[in-house]
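Engineer:
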Amino acid sequence: MTITITVEKDGYYEVNGTRQEPTVSLYVIPAASKLRRMLKDTKDLIVCPGVYDGLSARIAMEVGFKGLYMTGAGTTASRLGMADLGLAQLHDMKTNAEMIANLDPFGPPLIADMDTGYGGPLMVSKSVQQYIQAGVAGFHIEDQIQNKRCGHLNGKKVVGLEEYLMRIRAAKLTKDRLHSDIVLIARTDALQQHGYDECIRRLKAARDIGADVGLLEGFTSKEQARQAVQDLAPWPLLLNMVENGASPLITTKEAEEMGFRIMIFSFATITPAYMGIKATLERLKTDGVVGVPEGLGPRTIFEVCGLMDSMKVDTESGNDGFAEGV
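Residue numbers (our numbering): 86 to 411.
What follows is the structure, given as structure tokens:
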């Protein structure tokens, strides 16, 4: 038997003379599964700029990054107007992460800071469950004491190894119980207080109980960063690059050559935002104008933030609110 299929220009097709309407089934891969596949199926460095609100996330997506990172420092600064001293809690972090992660269901997966997990094992479990429900693709949880601070400040203190592993274990049990692909990243801030060897010991222990990725915060040299990749291979490591922080400048090319699998730039958007806003407001104060370049009006910002998609939804639903444009 011969079957003849003819595809027409309008997308319809004929099977032995019978016209058929095309059926397309779309399946949205969960962000966590997408991130896990990126780690498993490629050897490319996953570069995630740090974003702290909806606009910074939208801009990062417009530029075309394949992953995003919600910075705890940026979230604390933007939502609370406070320094990163452990002041942002689960509600602040989860709410911000949920908004960013759901801007585009087909967009880049989001890795989010989870600090210390915000308490004991029960609180860690609750935090992981809420991050999963929020659509977060991956998170890192650390070994600092509850009264923590930014990883690139001095004076950090960490809990004992067993308490740290209790946090990792609680996170792993929760994601397994919920059958989630969310990527568990074990972070240690023990370098300042206990030295390199203790960091490796802690990360190996976290790896052995099921953490997916490791993060040693605050490398003091490029050689130390390279050594960590070798000491923990083939376990994937994440590099947090904070320019003018505690670590030397490492480029994405250097990080990839060292063997890192994920690289986050925590202050990638909030520091330039500070610089730009401050310079603009100083001009407003002295010159009486903001000085926005010609052609950069409200519509440009709105288009970055999904204006056209919103108009399309409204129009295709049968409303005429945008019949005359905007």
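Where a beta carbon is used, it is the ideal one built from N, C-alpha and C, also for glycine.
Inspect the CB distances between the region 132–145 and the region 347–356 and report whether three or more fall short of 8 Å.
Structural biologist: Yes, the region 132–145 is in contact with the region 347–356.
Engineer: Taking only the alpha-carbon atoms, compute the straight-line gap between Gln322 and Phe350 and give it to the nearest angstrom.
Structural biologist: In the sequence on display, residue 322 carries Leu and not Gln. So the alpha carbons of these two residues sit roughly 14 Å apart.
Engineer: May I ask you to report which of helix, strand or coil DSSP gives Ile144?
Structural biologist: In this structure, Ile144 counts as helix in the three-state DSSP scheme.
Engineer: Consult DSSP for Phe350 and reduce its assignment to one of helix, strand or coil.
Structural biologist: DSSP places Phe350 in strand when its eight states are reduced to three.
Engineer: Rank Lys179, Asp189, Gly205 and Gln315 by C-alpha distance to the C-alpha of Ile465 and give the top, closest one.
Structural biologist: Here the chain comprises residues numbered 86 to 411, so residue 465 is not present and cannot be evaluated.
Engineer: Just to check my reading of the structure: Glu341 and Leu130 have Cβ atoms closer than 8 Å, yes? What is that Cβ distance to the nearest angstrom?
Structural biologist: At roughly 4 Å, the Cβ-Cβ gap stays under 8 Å, so Glu341 and Leu130 are in contact.
Engineer: Identify, in the order they occur along the chain, each residue of the same chain with its Cβ nearer than 7 Å to the Cβ of Val327, setting aside the five sequence neighbours on each side.
Structural biologist: His237, Ser351 and Phe352, listed in sequence order.
Engineer: Please identify the residue among His225, Glu248, Gly192 and Met199 whose C-alpha is closest to the C-alpha of Gly205.
Structural biologist: Measuring from the Cα of Gly205, the nearest candidate turns out to be Glu248.
Engineer: Kindly indicate which residue of Ala408, Arg234 and Leu269 has the alpha-carbon position closest to the one of Leu170.
Structural biologist: Leu170 has its Cα closest to that of Arg234, out of Ala408, Arg234 and Leu269.
Engineer: Among His279, Lys211, Val268 and Asp266, which one has its Cα closest to the Cα of Lys242?
Structural biologist: That would be His279, whose Cα lies nearest to the Cα of Lys242.
Engineer: Whose C-beta lies closer than 7 Å to the C-beta of Asn232 among residues of the same chain, with five residues either side of it excluded?
Structural biologist: The residues are Gly171.
Engineer: Return helix, strand or coil for His225, following the three-state DSSP convention.
Structural biologist: Strand at His225.
Engineer: For Lys151, which of Gln215, Gly406, Glu367 and Cys133 has the nearest alpha-carbon?
Structural biologist: Of Gln215, Gly406, Glu367 and Cys133, the residue nearest in Cα terms is Cys133.
Engineer: Going by Cα to Cα distance, which pick from Val298, Asp177 and His176 is closest to Leu124?
Structural biologist: Ranking Val298, Asp177 and His176 by Cα distance to Leu124 puts Val298 first.
Engineer: Based on the DSSP output, what are the partners of Arg272 in its beta bridges?
Structural biologist: Paired residue(s): Leu300.
Engineer: List the endpoints of the continuous alpha helix (DSSP H) containing Ala290.
Structural biologist: Element bounds for Ala290: Tyr281 to Asp293.
Engineer: Quick check: Ala414 and Val221, are their CB atoms within less than 8 Å of each other?
Structural biologist: Coverage of the chain is limited to positions 86 through 411, which leaves residue 414 absent and any answer about it impossible.
Engineer: Candidates Ala117, Met343 and Glu302: which alpha carbon is nearest Asp274's?
Structural biologist: Nearest of Ala117, Met343 and Glu302 to Asp274, Cα basis: Glu302.
Engineer: Using only alpha-carbon positions, find the residue among Ala318, Leu317 and Ala310 that is nearest to Asn325.
Structural biologist: The shortest Cα separation from Asn325 among Ala318, Leu317 and Ala310 belongs to Ala310.
Engineer: Pick from Met155, Met251 and Glu388: whose alpha carbon is nearest that of Thr201?
Structural biologist: Selected option, being the one with the closest Cα: Met251.
Engineer: Under 8 Å Cβ to Cβ from Leu175, same chain only, skipping five residues before and after it: list those, please.
Structural biologist: Closer than 8 Å at Cβ, skipping near neighbours: Tyr203, Met208, Lys211, Ser212 and Gln215.
Engineer: Measure the alpha-carbon distance for Val389 versus Glu379 and round it to whole angstroms.
Structural biologist: So the two alpha carbons sit approximately 17 Å from each other.
Engineer: At which residues does the beta strand (DSSP E) containing Ile131 begin and terminate?
Structural biologist: Element bounds for Ile131: Ile131 to Val136.
Engineer: Look up Thr103 in the DSSP assignment and say whether it is helix, strand or coil.
Structural biologist: If DSSP states are grouped into helix, strand and coil, Thr103 belongs with the strands.
Engineer: Return the CA-CA distance between Leu153 and Met146, expressed in angstroms with no decimal places.
Structural biologist: Their Cα atoms are separated by approximately 8 Å.
Engineer: Looking at the structure shown, is Met208 part of a helix, part of a strand, or coil, going by DSSP?
Structural biologist: Correct three-state label for Met208: helix.
Engineer: Would you give the residue range spanned by the beta strand (DSSP E) that Ile386 belongs to?
Structural biologist: Looking at the DSSP string, Ile386 is not in any beta strand (DSSP E); the run it does join, the alpha helix (DSSP H), is Pro383 to Val389.
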